[in-house]
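Have a look at the structure below, then the notes.
There are 2 protein chains.
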Amino acid sequence: MASPRSSRKREQKLNELTASQAVTLLRKGEVSAEDYAQACLDRISEREETVQAWVHLDPDYVLAQARAADDLRKAGKGVGPLHGLPVGVKDIIDTADMPTQNGSPIFKGYQPARDAFCVATLRAAGAIIMGKTVTTELATLTPNKTRNPHNPEHTPGGSSSGSAAGVADFMIPAALATQTGGSVIRPASFCGVYGLKPTLGLISRRGVTLQSHTLDTVGVYGRSLEDLALLGDVLSAHDPDDPVSYVRGRTSLSAILAEKPPLPPLFAFCKTPAWDQADAVTREAFEELVAELKDHVQEVQIPSLADAIENQIKVMGAENAAYYGAYLKSGGLSPGLANRVETGAKVSGGDYVKAVNARETIYASIEDTLLHYTAILTPASPGPGSKGLGSTGNAVFNGMWTYLGVPCVTLPLLEADGLPFGVQLVGMHRDEGRLLRTAKWLVEHLRKGK
Amino acid sequence: MASPRSSRKREQKLNELTASQAVTLLRKGEVSAEDYAQACLDRISEREETVQAWVHLDPDYVLAQARAADDLRKAGKGVGPLHGLPVGVKDIIDTADMPTQNGSPIFKGYQPARDAFCVATLRAAGAIIMGKTVTTELATLTPNKTRNPHNPEHTPGGSSSGSAAGVADFMIPAALATQTGGSVIRPASFCGVYGLKPTLGLISRRGVTLQSHTLDTVGVYGRSLEDLALLGDVLSAHDPDDPVSYVRGRTSLSAILAEKPPLPPLFAFCKTPAWDQADAVTREAFEELVAELKDHVQEVQIPSLADAIENQIKVMGAENAAYYGAYLKSGGLSPGLANRVETGAKVSGGDYVKAVNARETIYASIEDTLLHYTAILTPASPGPGSKGLGSTGNAVFNGMWTYLGVPCVTLPLLEADGLPFGVQLVGMHRDEGRLLRTAKWLVEHLRKGK
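Line by line, the protein sequences are chains A and B.
Residues 46 to 495 in this note's numbering are what the first sequence spells out, letter by letter.
Residues 46 to 495 in this note's numbering are what the second sequence spells out, letter by letter.
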């Protein structure tokens, strides 16, 4: 083993660096991409039997990519913002050099011809694709093998199970996830990582298995807010081939995050119409949080979120039926997913259109709150990941925000019985920069209070 | 009466001018807007009892608008391209100064607060809004009072019944129409006027009663191809508040129409999967037409149009259920429309999404034909307007093109038993300029042949 890694190891384990810390060391050449990748692979060797985050991983190929990255840097070639950073990719996202099996026997061994736009963007920025992380069946509710790294008898959440568990367990510094109901935020909450589900359209969905064009959103996991900004900046390249992709202003999320907020934030604590589904520990935790935030928080009621919850279910149902309906006939769906698709097929076209159309009206109804307050403060999940691996938990605290297309970030600030769970902040469309900066204020404010 | 009108009347009746001829005379001051409007009003007085094209008409208000237009011109103020031209507006299009009753008791006496974008655009170009023309019930199939001016026992078609009949009967030189199935092209065919259903998105739909956001398209009627270009140029202003509105290149339709085609056209005669619903006279007429066009035409088969016909029905059904479903409960729908909305509500959300999504694929499947041939040649309707006023006829030759969003023009070139019917030309998206120029070649070629 090369000496820089050995020398650093005495200070901090390489695989425990945040992505932002790692890219700085990698760019300067203080850590080689090979050593860094090896540290991550070592952690995977040690822990994969317990955590089971990976569906495809080829250590030799990872190391070959890492050595190529080192050669490039040594040759003085330009390096991108993610040069040498290993990233996990959820297995519903196409990779030209690894299978994309969608967590379903229907796609067993399926090898896409091209990278998804977001994967190509990561590679162009210098990232190393570490492997494919476990997804639930077709990114819906039926779990695959991954376990919660904090307690393997508990669910890691889903559908981005392997991405969340891999980042939480220090196997990779960052990973790609996707959300149609609560599949970015919920696993991050259960596994205790930072997660960003950005505004619909910030990150292209081309090459990502489609289950709902109105809802599907690509997000990211990291071990700090800076990680989310770093990945978000790279991934927000405009893609004219995704109809919802928009051209983003040029101010980087990282730059906004590095600023001090011009004013102390004022949070809108929103229990949401899902509050009666929150665990007792969540109710207590938010009571304490609100008390600690004092005059930085006010409680708000947003009754129109009840319609958002209902409409997300209708839209997801109808679009699932459109995109997965063919598998009902061809076979290969689990009974749970087959039932979901059959139920979705019962949503009428008229009700579907009304549910899609209501989105702008409901967003308009929360815009006043979003303008008056710096961010909405709300649970990321009903509580920690529950015991048992048969369910990935309840997405009721997520679907309404996915439907509205607003950016959401979850912060691993809460814990019960050794299991983490998240605080969710929600912001205005296309305003994830300010949302991350507000989140940073919250993390630091609570840290000071301790 | 002023003398210019009397002197012109000896040459040609003012109300029989085409819109293009009229605007030239109006601009030069050779005809006053007042005299021109009076000639149209005289024709309406004479014929309205038979034709019944109007649901709202206030002659004094029309003349007041016309006198104001004359005063502006006499004062040397700038005049727009439609200065002093009376235009009929279908009664599903909002007008701030006249009721918009949608051909339905539900909207009896309803007075919108603002002009529709297209009406405001017409006024800004100097047009005079003549009045509101009869529409079928909520622009669907249940007829209102209008009759075919060529034989009042026959249907004028629908839903833009009054606009088509008014232009055909020389009551107005031009009018606004809309199409969701076949409501621009079919009435033009039955009444014997020129009609343009442009590319979806050329003309804004803001302020037009919404029955299907995927299909609803605003179109125009005139008495020549130049009239269609004139109106199309004015109305194609970009409207950022209609999601399908696009920014058009600056070459005017009138300028393209005035050019000679660089090559003689080659038409693709397409019977379409609806051919077995064409009348015998239509089959004969097209046989003759194809024979007369000799090597300017080839017959083509486009099997994917069968799916386009089916998909238009599904999309219209589901969206009708979304937008008109509330009236089922509140009451006021005719039994026919109530039944249509109930049937539409049975389209599942999944089938609806698939029907919307298939549009691009089917368009791609006809693009080769559209690239190889100058235009598709096909019936505008199954035949002439049939006897009886209980039905506005069959839109089967129109729905597939509306679904695909392609521009369609109908030319009043055919006749049977004293009743006109149209030849339809279909072109590529956003290419109505070339379509109109090709149509002009066809009209002139057939005229020479006679």
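Just so you know, even glycine gets a beta-carbon here, dropped at the ideal spot from N, CA and C.
Small disclaimer: the values here were computed from a predicted structure and weren't measured.
query, result
"N-terminal and C-terminal residue of the beta strand (DSSP E) that A:HIS199 is part of", "Counting along the chain, A:HIS199 falls outside any beta strand (DSSP E), and DSSP gives it neither H nor E."
"Within 9 Å of chain A by C-beta, residues of the region 377-395 of chain B in sequence order", "VAL386, GLY389, ALA390, LYS391, VAL392, SER393, GLY394 and GLY395"
"Pair within 7 Å by beta-carbon distance, B:ARG15 and B:GLU75", "Absent from the model: residue 15 of chain B. The displayed extent of chain B is 46 to 495, so no value can be given."
"Top-ranked residue by Cα proximity to A:THR166, from A:LEU480, A:THR423, A:TYR368 and A:ALA282", "A:ALA282"
"Contact list for A:ALA184 against chain B, beta-carbon separation under 8 Å", "In chain order: nothing, as chain B lies at least about 17 Å away."
"B:THR191 and B:SER379 closer than 7 Å at C-beta", "no"
"Local conformation of B:ILE421 per DSSP, three classes", "strand"
"Limits of the alpha helix (DSSP H) - the one that A:GLY211 falls within", "206-213"
"Straight-line Cα distance separating A:SER349 from A:LEU464", "32 Å"
"Partner residues on chain B for A:GLY362, Cβ-Cβ distance less than 9 Å", "GLY394 and GLY395"
"Interface flag, B:ALA403 vs chain A, CB-CB below 7 Å", "no"
"Alpha helix (DSSP H) runs contained entirely in the region 123-194 of chain B, provided each spans 4 or more residues", "162-169"
"Identity of the residue in A:LYS339, A:PHE314 and A:ASP340 nearest A:ARG328 by Cα", "A:PHE314"
"Beta-carbon proximity check, B:ASP214 vs B:VAL96, cutoff 7 Å", "yes"
"8 Å CB neighbourhood of A:LEU108 in its chain, flanking five on each side removed", "GLU79, ALA82, GLN83 and LEU86"
"Proximal chain A residues relative to B:ALA366, where beta-carbon distance stays under 9 Å", "SER393, GLY394, GLY395, ASP396, VAL398 and LYS399"
"Cβ separation of A:LEU276 and A:ALA219, assumed to be a contact under 8 Å, to the nearest whole Å", "6 Å"
"Residues near B:TYR372 by beta carbon distance below 7 Å, same chain, minus five either side", "ILE151 and LEU378"
"Opposing strand residues paired with A:HIS490 [DSSP bridges]", "For A:HIS490, which the question treats as bridged, DSSP gives no partner whatsoever."
"Helix, strand or coil at A:GLN57 [DSSP, three-state]", "coil"
"A:PRO370 at chain B interface by Cβ criterion, 7 Å", "With the sequence shown as reference, residue 370 of chain A is identified as Gly, and Pro is not the correct amino acid for it. True, the Cβ-Cβ gap to chain B drops below 7 Å."
"Per DSSP, cross-strand counterpart(s) of B:VAL279", "According to DSSP, which records beta bridges pairwise, B:VAL279 is partnered with nothing at all."
"Nearest-angstrom Cα separation, counted from A:GLY246 out to B:TYR291", "20 Å"
"Beta-ladder partner(s) of B:SER393, from DSSP", "A:SER393"
"Beta-carbon spacing of B:LEU255, B:TYR397 below 7 Å", "no"
"For A:PRO457, the first and last residue of its enclosing beta strand (DSSP E)", "453-461"
"Selection from B:PRO232, B:GLY252, B:GLN357 and B:PRO104 that minimises the alpha carbon distance to B:GLY203", "B:PRO232"
"C-beta contact flag for A:THR262 and A:VAL401 at 7 Å", "no"
"Boundaries (first-last residue) of the beta strand (DSSP E) holding B:GLN224", "219-224"
"Whole-angstrom distance between A:GLY438 and A:SER426, CA atom to CA atom", "8 Å"
"Residues sharing a beta bridge with B:PRO465, DSSP", "B:GLU460"
"Stretch pair the region 386-395 of chain B + the region 336-349 of chain B: three plus CB contacts closer than 8 Å", "no"
"Local conformation of B:GLU387 per DSSP, three classes", "helix"
"Any C-beta of chain E under 7 Å from that of B:VAL179", "The chain labelled as chain E is not found among the protein chains of the depicted structure, namely A and B."
"Assigned exposure category for A:PRO310 - 16 Cβ within 10 Å defines buried", "buried"
"Residue burial classification, A:ARG293 (beta-carbon count within 10 angstroms, cutoff 16)", "buried"
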